[in-house]
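Structure first, then comments.
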Amino acid sequence: MKHSRKRFFFDNYYFYVVMRRTPDTAARLYRLDRIRTIDKVKRGSGLPVQRFQLRDYRHQTYLLAQGEPISFSFKCWLAAQTALERFPGATQKVAKNGVPIITAQAHEEGALLWLLSQGPNVQVLSPPSLIRKINQRQRAALARYQSS
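For the sequence shown, my numbering gives the first residue as 25, with consecutive numbering after it.
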């Protein structure tokens, strides 16, 4: 399979550029309209394009590519297809009570944002660290509303 030499992409209404912050970090997508300055440019051998494939990147990210990649599972009381579309590569099984259980992989921050945005329509089952973070963020949001 021939590798594309594209370093610019158009996706979800925005243009993106593939760059690395430093030579020893992984290639990432950056929204072109959010780049204000590039502080330093060094001439080099260029980005090894074969190591960055947009299709693979999309399978690992949703919303944000921040945090470590994680595997997680959650009960889903909304249309399961909605969750499966948000996390490419996710799988579904149905619990005995008929509630779909989705298992997916994503970068932690993107997963947190999506899961929190679904409110009571999802319940994270694993990993425990993700459950703790969701509880902390929900408590922090509730505290803001109770103090006003």
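Beta carbons: idealized from backbone N, C-alpha and C, even for Gly.
Assuming contact is defined by CB atoms lying nearer than 8 Å, are Ala130 and Ile94 in contact in what I supplied?
To locate residue 130, count along the sequence shown from 1; it is residue 106. To locate residue 94, count along the sequence shown from 1; it is residue 70. In contact: Ala130 and Ile94 (Cβ atoms closer than 8 Å).
Would you kindly work out how many angstroms separate the C-alpha atoms of Phe96 and Ile62, rounded to a whole number?
Translated into the one-based positions of the sequence shown, residue 96 becomes position 72. Translated into the one-based positions of the sequence shown, residue 62 becomes position 38. If you draw a straight line from the Cα of Phe96 to the Cα of Ile62, it is about 35 Å long.
Check whether the Cβ atoms of Leu149 and Lys117 lie closer than 8 Å to each other.
Counted from its first residue, the sequence shown places residue 149 at position 125. Counted from its first residue, the sequence shown places residue 117 at position 93. Not closer than 8 Å, so no.
Hey, does Gly91 have any beta-carbon neighbour from chain D nearer than 8 Å?
Reference to chain D is not applicable here, since this structure consists of a single protein chain.
Beta-carbon within less than 8 Å of Asp57's beta-carbon, same chain only, minus the 5 sequence neighbours each way: which residues are those?
If you number the sequence shown from 1, residue 57 lands on position 33. These residues qualify, in order along the chain: Tyr38 and Phe39.
Grab me the residues of Gln142's own chain with a C-beta within less than 7 Å of its C-beta, minus the 5 sequence neighbours each way, in chain order.
Numbered from its first residue, the sequence shown carries residue 142 at position 118. Correct list, in chain order: Leu102.
Quick check: what's the CA-CA separation for Ala128 versus Ala135?
Stepping through the sequence shown from its first residue, residue 128 is reached at position 104. Stepping through the sequence shown from its first residue, residue 135 is reached at position 111. Using only the alpha carbons, I get a separation of about 9 Å.
Taking 7 Å as the line, does the beta carbon of Tyr38 fall inside it for any heavy atom of the ligand HEM?
Looking at this structure, you won't find the ligand HEM or any other ligand, since it has none at all.
In this structure, does DSSP put Arg44 in helix, strand or coil?
By one-based count along the sequence shown, residue 44 stands at place 20. DSSP, reduced to helix, strand and coil, places Arg44 outside both helices and strands of the structure shown, so it counts as coil.
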